[in-house]
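A.B. asks: This is the structure I have questions about; it appears just below.
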Amino acid sequence: MSERIERIGSTVIENVRPQLDAGRWPVKRVEGESLTVQADIFKEGHDVLVAVVRWRQSVPRSQATEWAEVPMSSPKGNDLWEGSFPLTSNGRYEYTVEAWPDFFATWVTEIKRKVDVGRDVRSELLEGAAMLRAHAERARQDGNPDDAERMLKAATLFDQGMSPNAIAAAVDPELKRVASRYADRSVATRYDRVLEVFVDREKARYGSWYEFFPRSAPRDGRTHGTFKDAEKWLPYVQSLGFDVIYLPPVHPIGLKARKGKNNSLTAGPDDVGSPWAIGGPEGGHKAIHPQLGTLEDFARFVKEANAQGIEIAMDLAYQCSPDHPYVKEHPEWFLHRPDGTIKTAENPPKRYEDIVNFDWLGPARDTLWPELKSVVMHWVNLGVRIFRVDNPHTKPMQFWAWMIREVQTERPDIIFLAEAFTRPKVMKALAKLGFGQSYSYFTWRNFKAEMQEYLEELTQPPVSDYMRANFWPNTPDILPEFLQRSGPGGFRLRAAMAATLSSVWGMYCGYELCEGTPVAPGKEEYLDSEKYELKAWDLDRPGNIRDYIARLNGIRQRHRAFQLYDNLRFHPSENEQVMFYSKRTPDGTSQVLVAVSFDPYNAQDSVLYVPLEELGIQPDETYQVHELMTDTRSLWQGPTAQVRLTPEQPAAIWAIYRFRRSEQAFDYYE
753 MSERIERIGS
763 TVIENVRPQL
773 DAGRWPVKRV
783 EGESLTVQAD
793 IFKEGHDVLV
803 AVVRWRQSVP
813 RSQATEWAEV
823 PMSSPKGNDL
833 WEGSFPLTSN
843 GRYEYTVEAW
853 PDFFATWVTE
863 IKRKVDVGRD
873 VRSELLEGAA
883 MLRAHAERAR
893 QDGNPDDAER
903 MLKAATLFDQ
913 GMSPNAIAAA
923 VDPELKRVAS
933 RYADRSVATR
943 YDRVLEVFVD
953 REKARYGSWY
963 EFFPRSAPRD
973 GRTHGTFKDA
983 EKWLPYVQSL
993 GFDVIYLPPV
1003 HPIGLKARKG
1013 KNNSLTAGPD
1023 DVGSPWAIGG
1033 PEGGHKAIHP
1043 QLGTLEDFAR
1053 FVKEANAQGI
1063 EIAMDLAYQC
1073 SPDHPYVKEH
1083 PEWFLHRPDG
1093 TIKTAENPPK
1103 RYEDIVNFDW
1113 LGPARDTLWP
1123 ELKSVVMHWV
1133 NLGVRIFRVD
1143 NPHTKPMQFW
1153 AWMIREVQTE
1163 RPDIIFLAEA
1173 FTRPKVMKAL
1183 AKLGFGQSYS
1193 YFTWRNFKAE
1203 MQEYLEELTQ
1213 PPVSDYMRAN
1223 FWPNTPDILP
1233 EFLQRSGPGG
1243 FRLRAAMAAT
1253 LSSVWGMYCG
1263 YELCEGTPVA
1273 PGKEEYLDSE
1283 KYELKAWDLD
1293 RPGNIRDYIA
1303 RLNGIRQRHR
1313 AFQLYDNLRF
1323 HPSENEQVMF
1333 YSKRTPDGTS
1343 QVLVAVSFDP
1353 YNAQDSVLYV
1363 PLEELGIQPD
1373 ETYQVHELMT
1383 DTRSLWQGPT
1393 AQVRLTPEQP
1403 AAIWAIYRFR
1413 RSEQAFDYYE
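Whatever position you read off the sequence shown (first residue = 1), add 752 for the numbering used here.
Next comes the structure, spelled out in structure tokens:
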């Protein structure tokens, strides 16, 4: 007797999306969202197909779930199917697609057509009876005897021939629905890979960052600050509306080749050095600079900031001063020249004499990599959940892929920001492999067309599936030429753009004071840079734009549309110096319009073309707008509006009111 050969399926599943690089990397979402999965699904012939998205949460392991399924549908036809599943919590999820022919549903469709044209269907009814008995057996195995009994009764009717009752049962939608639950999935096709989505917590998508150096906290330029001094800055940062404080490295600083003021190669006895030259006799990456305080002082600072609604982001700079304990204890972790000397960091023509780099891919990586992961976990245990990573593009991708996945498998709430001002493909590769936020070229986009083109790339798929751009108009390393020559008007307009174009933005201390003096003409670096010395900050300096910054951040906090990343849409403006765009929540409960000028010197007027259809507004409808920067209100009607922007008010931000005729009132959604 020959061995029985089972039937095989022939359903085709292809072009499953979203996915990155054939499933090599997870796409990104935020907790509380859902993931909509699409696929092209088809089969020869005319069989009715059924498709599902299979999904489960895999990280953290304490919340791991069994595989679940959600149905897919084909609302747009043309063999395009889609289905969504909920992303209820922070962690890693897996998903794939499975599809199969529903032979009984196909049978129902065909027998109805035959009956409608008067065909004899006694043979077809016997086929249906056989299928129902097989379905009933699967229902019994699944523990559903009532469904099994219902199908068996219909099968008995079918055995009796073409009676009116048999025909009525054959086309009964409820019988088809019950039978479809127990279709023969032995002929199902499952997509040939399991894909992943990493679900970040909300802070990965929405936040306002403020960077300052704790050692300058006393603000006199002479006294080295402590974490207790830095605590006194918390109310100030909170008053500006920032909810993340980013600290440059807070570790001991090396003495060998220490840099002096303005990056001088010769340091004086009182020069404090660059915080990025990490490590000295007092310790390395797991230690606190003794003049800042102790680990206990740091933990208290983090706790106090959290109590005021502020998270602390810590700098993660995987580099060492020549005095770092690692250099003496683990020389095998570093690169050496043929003459035996340790190799300092370089980016020709720049040379960083006070920094040495690891031998990332050398034979000692098996001990180096776990030690560097332990650095992260050390600070996580002290309350840090966000890391701004210094120059990740100068370290191997393999390391970051390993380290970030290792950390987030234990603690999926940890967020990594890539400080990588480098080539576009490298920046995108870092985002794909796990960085939850990325620096961007926003800092150097100074014209309307290039800004709009860049933002459309960043905030729409496929890039928005894995990369979130954190917009910084300045950093301690970068004073853009635009800010050097534009005065307060330029500082206002760049802040307005950063805060409204992206859902996450940041600025370095001094921006609110319009600090814009370069070290030399043509250099994008600060004169008397805080990287090399203590700074005397007069936070009440005349001409500051503190109130302007606070108002921007307050608007972001009150209007949900600004807290989403991929909802940016651009609209026509007749003036090339004025950019016009909108953001709205999917349910339309928060809708905002923004016009911003690129001219820091002169007033600019423009006609704006309002996207009435997208806002759900009829062409003849009167609606109220609340301009949030000046707290003024107007009634608009029709598809155009006028705006005047000035260096003092280079941005206009309108929230939309809708008039409810039935109650003679306006609806306003925050």
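Using N, Cα and C, we set each Cβ at its ideal position, and we do this for glycine too.
Could you have a look at ALA1051 and say whether DSSP puts it in helix, strand or coil?
C.D. replies: The residue labelled residue 1051 in the question sits at position 299 within the sequence shown. In this structure, ALA1051 counts as helix in the three-state DSSP scheme.
A.B. asks: Check whether the region 941-955 and the region 888-907 touch, using three or more Cβ-Cβ pairs below 8 angstroms as the test.
C.D. replies: The answer is no - the region 888-907 does not touch the region 941-955, with fewer than three Cβ pairs under 8 angstroms.
A.B. asks: Report yes if the C-beta distance between ALA906 and GLN912 is below 8 angstroms; otherwise report no.
C.D. replies: Taking the first residue of the sequence shown as 1, we reach residue 906 at position 154. Taking the first residue of the sequence shown as 1, we reach residue 912 at position 160. Cβ distance not < 8 angstroms, so ALA906 and GLN912 don't count as in contact.
A.B. asks: For the alpha helix (DSSP H) holding GLN1389, just list the boundary residues, first then last.
C.D. replies: Position 637 of the sequence shown holds residue 1389. No alpha helix (DSSP H) holds GLN1389; the beta strand (DSSP E) holding it covers 1384-1389.
A.B. asks: State the start and end residues of the unbroken alpha helix (DSSP H) segment that holds GLU1158.
C.D. replies: Residue mapping note: residue 1158 aligns to position 406 of the sequence shown, counting from 1. Its alpha helix (DSSP H) spans residues 1149-1162.
A.B. asks: Where does the unbroken beta strand (DSSP E) through TRP852 begin, and where does it stop?
C.D. replies: As a working mapping, residue 852 is identified with position 100 in the sequence shown. Taken as a continuous stretch (DSSP letters only), the beta strand (DSSP E) holding TRP852 covers 843-853.
A.B. asks: List the whole-angstrom C-beta distance separating VAL1346 from THR1252, where the pair is believed to meet the contact cut-off of C-beta under 8 angstroms.
C.D. replies: Walking along the sequence shown from the start, residue 1346 turns up at place 594. Walking along the sequence shown from the start, residue 1252 turns up at place 500. At roughly 5 angstroms, the Cβ-Cβ gap stays under 8 angstroms, so VAL1346 and THR1252 are in contact.
A.B. asks: Cα separation between ARG769 and LEU801?
C.D. replies: Stepping through the sequence shown from its first residue, residue 769 is reached at position 17. Stepping through the sequence shown from its first residue, residue 801 is reached at position 49. Between ARG769 and LEU801, the C-alpha separation is close to 19 angstroms.
A.B. asks: Within 10 angstroms of the Cβ of ILE760, are there 16 or more other Cβ atoms? Answer buried if so, exposed if not.
C.D. replies: Residue numbering aside, residue 760 sits at position 8 when the sequence shown is read from its first letter. With fewer than 16 Cβ atoms within 10 Å of its Cβ, ILE760 is classed as exposed.
A.B. asks: If you draw a straight line from the alpha carbon of SER932 to that of PRO925, how long is it in whole angstroms?
C.D. replies: As a first step, residue 932 is located in the sequence shown; it is residue number 180 there, counting from the start. As a first step, residue 925 is located in the sequence shown; it is residue number 173 there, counting from the start. When rounded, the distance between both Cα atoms is 10 angstroms.
A.B. asks: On the three-pair Cβ rule with 8 angstroms, is the region 1360-1373 touching the region 1335-1351?
C.D. replies: Taking 8 angstroms as the limit for Cβ pairs, the verdict is that the region 1335-1351 does touch the region 1360-1373.
A.B. asks: Give every residue of the same chain whose Cβ lies closer than 8 angstroms to the Cβ of LEU904, excluding the five residues on either side of it in the sequence, and list them in chain order.
C.D. replies: The count along the sequence shown starts at 1 and reaches residue 904 at position 152. If we look at LEU904 and ignore the five residues flanking it on each side, its Cβ neighbours are LEU884, ARG885 and ALA888.
A.B. asks: Just how far apart, CA to CA, sit ARG1262 and TRP1289?
C.D. replies: In the sequence shown, counting from the first residue as 1, residue 1262 sits at position 510. In the sequence shown, counting from the first residue as 1, residue 1289 sits at position 537. First, the residue type needs correcting, since residue 1262 is Gly and not Arg in the sequence shown. Each residue's Cα considered, the two are about 8 angstroms apart.
A.B. asks: Could you name the residues of the same chain whose beta carbon sits closer than 7 angstroms to that of PRO823, not counting the 5 residues immediately before and after it, in chain order?
C.D. replies: Taking the first residue of the sequence shown as 1, we reach residue 823 at position 71. Here the set comprises VAL804 and GLY835.
A.B. asks: Please classify GLN1212: does DSSP put it in a helix, a strand, or coil?
C.D. replies: The residue labelled residue 1212 in the question sits at position 460 within the sequence shown. In this structure, GLN1212 counts as coil in the three-state DSSP scheme.
A.B. asks: Quick check on DSSP: helix, strand or coil for THR858?
C.D. replies: Counting from one through the sequence shown, the residue named residue 858 turns up at place 106. Helix, per DSSP.
A.B. asks: Going by alpha carbons, who is nearest to TYR1070 out of GLY1045, LEU1124, LYS1080 and PRO1077?
C.D. replies: The sequence position of residue 1070 within the sequence shown is 318, counting from 1. Taking only the C-alpha atoms, the option nearest TYR1070 is LEU1124.
A.B. asks: Exposed or buried, ASP1067, counting other C-beta atoms within 10 Å across all chains shown (16 or more means buried)?
C.D. replies: By 1-based counting over the sequence shown, the position of residue 1067 is 315. Looking at its Cβ environment, which holds 16 or more other Cβ atoms inside 10 Å, ASP1067 is buried.
A.B. asks: Quick one: which unbroken beta strand (DSSP E) runs of 3-plus residues sit fully inside the region 773-797? Chain order, please.
C.D. replies: Taking only runs of at least 3 residues, the beta strand (DSSP E) segments lying wholly in the region 773-797 are 779-782 and 786-794.
A.B. asks: Over what stretch of residues does the alpha helix (DSSP H) that includes ARG890 continue unbroken?
C.D. replies: Residue 890 sits at position 138 when you count from the first residue of the sequence shown. From DSSP, the alpha helix (DSSP H) with ARG890 extends over 874-893.
A.B. asks: In whole angstroms, give me the CA-to-CA distance for LYS1011 and SER1073.
C.D. replies: Looking up residue 1011 in the sequence shown gives position 259. Looking up residue 1073 in the sequence shown gives position 321. C-alpha separation (whole angstroms): 11 angstroms.
A.B. asks: Taking only three categories from DSSP, how would you classify TYR1421?
C.D. replies: Here residue 1421 is taken as the residue at index 669 of the sequence shown, counted from 1. For TYR1421, the predicted structure reports a pLDDT of 42, less than 50, and the residue's modelled location is therefore unreliable. The matter cannot be settled from this model.
A.B. asks: Going by the CB atoms, is the gap between GLY1114 and ILE1156 shorter than 8 angstroms?
C.D. replies: In the sequence shown, counting from the first residue as 1, residue 1156 sits at position 404. In the sequence shown, counting from the first residue as 1, residue 1114 sits at position 362. Not closer than 8 angstroms, so no.
A.B. asks: Sort ALA1183, ALA882 and GLN1401 by Cα distance to ASP1217 and report the nearest one.
C.D. replies: Numbered from its first residue, the sequence shown carries residue 1217 at position 465. The residue with the shortest Cα to Cα distance from ASP1217 is ALA1183.
A.B. asks: Determine the direct distance from the alpha carbon of LYS780 to that of LEU772, and round the result to whole angstroms.
C.D. replies: As a working mapping, residue 772 is identified with position 20 in the sequence shown. As a working mapping, residue 780 is identified with position 28 in the sequence shown. LEU772 and LYS780: Cα-Cα distance of roughly 10 angstroms.
A.B. asks: Are the region 1035-1052 and the region 1097-1108 touching by the rule of at least three beta carbon pairs closer than 8 angstroms?
C.D. replies: No, they do not touch.
A.B. asks: Based on Cα-Cα distance, which residue from TRP1152, GLU1162, TRP1196 and VAL1377 lies nearest to TRP777?
C.D. replies: The count along the sequence shown starts at 1 and reaches residue 777 at position 25. Measuring from the Cα of TRP777, the nearest candidate turns out to be TRP1152.
A.B. asks: Apart from the five residues just before and just after VAL789, which ones in its own chain have a Cβ nearer than 8 angstroms to its Cβ?
C.D. replies: If you number the sequence shown from 1, residue 789 lands on position 37. Excluding positions up to five away in sequence, the list reads VAL768, ARG769, PRO770, VAL805, MET824, GLU834, GLY835, SER836, PHE837, TYR847 and VAL849.
A.B. asks: Cβ of GLY1035 within 8 angstroms of Cβ of PRO1001?
C.D. replies: Translated into positions along the sequence shown, residue 1035 becomes position 283. Translated into positions along the sequence shown, residue 1001 becomes position 249. Their beta carbons are not under 8 angstroms apart, which means GLY1035 does not touch PRO1001 by this criterion.
A.B. asks: Which residues in the same chain as TRP1388 place their Cβ atom closer than 8 angstroms to its Cβ, once the five residues preceding and following it in sequence are excluded?
C.D. replies: Taking the sequence shown and counting its residues from 1, one reaches residue 1388 at position 636. So the list reads VAL1362, THR1374, TYR1375, GLN1376 and VAL1377, once near-sequence residues are dropped.
A.B. asks: How would you write the range of the beta strand (DSSP E) that ALA1065 sits in, first residue to last?
C.D. replies: As a position in the sequence shown, residue 1065 is number 313, starting the count at 1. Per DSSP, ALA1065 belongs to the beta strand (DSSP E) from 1063-1068.
A.B. asks: Grab me the residues of HIS1311's own chain with a C-beta within less than 7 angstroms of its C-beta, minus the 5 sequence neighbours each way, in chain order.
C.D. replies: Position 559 of the sequence shown, counted from the start, is the residue given in the question as residue 1311. Cβ neighbours of HIS1311 beyond the five flanking positions: SER1342, VAL1344, ALA1407 and GLU1422.
A.B. asks: Along the chain, where does the alpha helix (DSSP H) that runs through SER932 open and close?
C.D. replies: As a position in the sequence shown, residue 932 is number 180, starting the count at 1. Counting along the chain, the alpha helix (DSSP H) containing SER932 begins and ends at 925-932.
A.B. asks: On a Cα-Cα basis, can you pick out the residue from SER814, PRO970, VAL764 and ARG808 that is closest to ILE793?
C.D. replies: To locate residue 793, count along the sequence shown from 1; it is residue 41. For ILE793, the nearest C-alpha among the options comes from VAL764.
A.B. asks: How far does the alpha helix (DSSP H) with LYS905 in it extend, from its first residue to its last?
C.D. replies: By one-based count along the sequence shown, residue 905 stands at place 153. Run containing LYS905: 897-911, per the alpha helix (DSSP H) assignment.
A.B. asks: Alpha carbon to alpha carbon, how far is GLY1242 from GLY843?
C.D. replies: For the purposes of this step, residue 1242 is taken as the residue at position 490 of the sequence shown. For the purposes of this step, residue 843 is taken as the residue at position 91 of the sequence shown. If I take the Cα positions, the gap works out to 40 angstroms.
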